[in-house]
Amino acid sequence: MFLDLNPDLTSEQRSLKEQTHKFAEEVMRPAADKLDKLSDPAEVIADDSVLWDVLRQGRELGYHVRALPEELGGVALGPVEQCIVAEEMGWGSAGLAVCMGASSMPFVFAAMLGPPGLIEKHVIPFRDDVKAEFIGCWAITEPEHGGGDQVYIGSKREDIPFIRHGTRARLDGDEWVINGQKSAWVSNGTIATHALLHASIDGTEDERDAGMFFVPLNVDGVTRGKPLDKIGQRDLNQGEVYFDNVRVPADYMLVKPDMYEMVTDIIIATANGGMATTFTGVARSALEEALEYCKVRVAGAKVISKHQLVQKKLFDMFTRVESARALGRAVNVYNTQAMPPEPHYAIAAKVQNTETAFDVASDAVQLLGGCGLSREYPVERIFRDARAAMIEDGDNDTLRLAGARLLLERYT
Ligand SMILES: Cc1cc2nc3c(=O)[nH]c(=O)nc-3n(C[C@H](O)[C@H](O)[C@H](O)COP(=O)(O)OP(=O)(O)OC[C@H]3O[C@@H](n4cnc5c(N)ncnc54)[C@H](O)[C@@H]3O)c2cc1C
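Spelled out as structure tokens, the structure:
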């Protein structure tokens, strides 16, 4: 296994890394290779798909509760431990890592912000679920509003023409009634049983009012789109979720309008921080594939790792991987302590590390020559998976603009 620059890891952290690497290597990687080659994305989620084995084995190892509070039986891993798990999972498969991370989101938020009845009914069964019957999703983007609209580019929300979600919630007695649609990009969109849903509020004085809701999706009025067919992370199910007069109890609103912008910032900081470490793992997997290949491939009368140009390329890739880990880990540790977390640091790490993953994977394709283009070698998939990350969780250009706004606001 490739060693990273972390002499300070405790023996518990090292064994967490080894355990997660084993899961990534023996379970995630082979499943990702299989799922990626399926031509129809509906096959990825078929009853006999290996996807379900990955989710079940991940649950048996407790990865689904790694962010749940300890008082609810979660593991509540610290930031370094979260980074270790995310990097190893990214090494195994970006798409499956995102699938598992997104799956926990509504339950983690419900555990922190939900009423006791909701926690009893939904969070506890999720915690105990080893059959992968509870799958979460984060439903924020919409056909009319991409990630850029959600991160308030240019100026703070109160200063700009408001962005109203097409998905809207109206209070009717002691229930919210939800109508609208989320985009085809929602991870786990067609298999999720529960959503953390962002929606605008109807019937209040301020038209910008929005909130976040915990929504069980096995209720009347919820329908789904087709599983999305896409270039990379093909093992990650995505699809639209439609809401037609869907009713949830009034206290399933987890975040009220007065806290909406702050909690959105916290989610962006957490999600982008997670992307930064996951894609460190993706970059590392491409580097390791290249190292292995260059030590055995003979061209120009010697193994190609003896050619200086190849050595330079490998060393540049190594430098970028180590820098990505250092930035990702520093940002996640900092943002765990900061209250509230600072999204522009997480955005910097997400942008930097997903672009590192793409560049390192592209260099790996180059070093493998013709084999780099072949579907027989994992770098071809890793390259496509990394490309998707530059749009995932906010496309990198609009994230940069949002990061610039925050930087300018903070720098006085
Ligand atoms: C693999 C993957 C997983 C995802 N998972 C989820 C998920 O779990 N939940 C979810 O809700 N969404 C998810 N998304 C959606 C993702 O967040 C959006 O695709 C992303 O934010 C971009 O939005 P868009 O596709 O609508 O592009 P748009 O916002 O339409 O952007 C199109 C182009 O216009 C540019 N642009 C947009 N606005 C501006 C502006 N104000 N100024 C300058 N340029 C601008 C952008 O830079 C981009 O180049 C996922 C996407 C991917 C690829």
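Okay, so the sequence shown: first residue is 61 according to the working numbering, each after it adds one. Heads up, the beta-carbon is just placed ideally off N, CA and C, and yes, glycines get one too.
Exercise. Is there at least one non-hydrogen atom of ligand 1 closer than 7 Å to the beta-carbon of Ile451?
Worked result: Yes - ligand 1 has a heavy atom lying nearer than 7 Å to the Cβ of Ile451.
Exercise. Looking at the structure shown, is His367 part of a helix, part of a strand, or coil, going by DSSP?
Worked result: The answer is coil: DSSP assigns His367 none of H, G, I, E or B.
Problem set entry | Any non-hydrogen atom of ligand 1 within 7 Å of Ala153 CB | This sequence places Ser at residue 153; Ala is not what is there. Outside the cutoff, so no.
For this session: Could you tell me the distance, in whole angstroms, from the CA atom of Ser164 to the CA atom of Gly118?
Result: For Ser164 and Gly118, the distance between alpha carbons rounds to 12 Å.
Exercise. Would the beta-carbon of Gly174 be found less than 7 Å away from any heavy atom of ligand 1?
Worked result: No, Cβ of Gly174 sits at least 7 Å from all heavy atoms of ligand 1.
Exercise. Nearest CA to the CA of Arg224: which residue from Asp113, Arg357, Pro400 and Glu202?
Worked result: Sorting Asp113, Arg357, Pro400 and Glu202 by C-alpha distance to the C-alpha of Arg224 places Glu202 at the top.
Exercise. Looking at the structure shown, is Leu471 part of a helix, part of a strand, or coil, going by DSSP?
Worked result: This sequence places Tyr at residue 471; Leu is not what is there. Coil, per DSSP.
Exercise. Considering only residues of the same chain and omitting the five flanking positions on each side of Phe169, which have a CB-CB separation below 6 Å?
Worked result: Taking Phe169 as the centre and dropping the five residues before and after it, the same chain places the C-beta of Leu256 and Leu314 closer than 6 Å to its C-beta, in chain order.
For this session: Whole angstroms is fine: what's the gap from Ala409's alpha carbon to Gly233's?
Result: If you take the alpha carbons of Ala409 and Gly233, they lie about 44 Å apart.
Exercise. Between the C-alpha atoms of Met399 and Ile326, what's the straight-line distance to the nearest angstrom?
Worked result: Going by the C-alpha atoms only, they are around 9 Å apart.
Exercise. In whole angstroms, what separates the C-alpha of Leu156 from that of Pro101?
Worked result: Between Leu156 and Pro101, the alpha-carbon positions lie close to 14 Å from each other.
Exercise. With a Cβ-Cβ cutoff of 8 Å, do Ala421 and Ala336 count as a contact?
Worked result: Not a contact, by the Cβ cut-off of 8 Å.
For this session: Report whether the distance from the Cβ of Gly150 to the nearest heavy atom of ligand 1 is below 7 Å.
Result: No, the beta carbon of Gly150 sits no closer than 7 Å to any heavy atom of ligand 1.
Exercise. Does the distance from the C-beta atom of Leu128 to that of Arg74 stay below 8 Å?
Worked result: No, these two residues do not count as a Cβ contact at 8 Å.
For this session: Report the rounded CA-to-CA distance for Gln298 versus Met160, giving the unit in angstroms.
Result: The alpha-carbon atoms of Gln298 and Met160 are separated by roughly 13 Å.
For this session: Please work out which residues of its chain come closer than 6 Å, Cβ to Cβ, to Glu130, disregarding the five sequence neighbours upstream and downstream, and give them in chain order.
Result: Sequence-distant partners of Glu130 (beyond 5 residues in either direction) whose C-beta falls short of 6 Å from its own C-beta, in its chain, are Ala136.
Exercise. Is the region 259–274 touching the region 420–434, taking contact as three or more C-beta pairs under 8 Å?
Worked result: By the Cβ test, the region 259–274 is not in contact with the region 420–434, since fewer than three Cβ pairs between them sit closer than 8 Å.
Exercise. How about Leu296: is its Cβ closer than 7 Å to a heavy atom in ligand 1?
Worked result: Yes - ligand 1 has a heavy atom lying nearer than 7 Å to the Cβ of Leu296.
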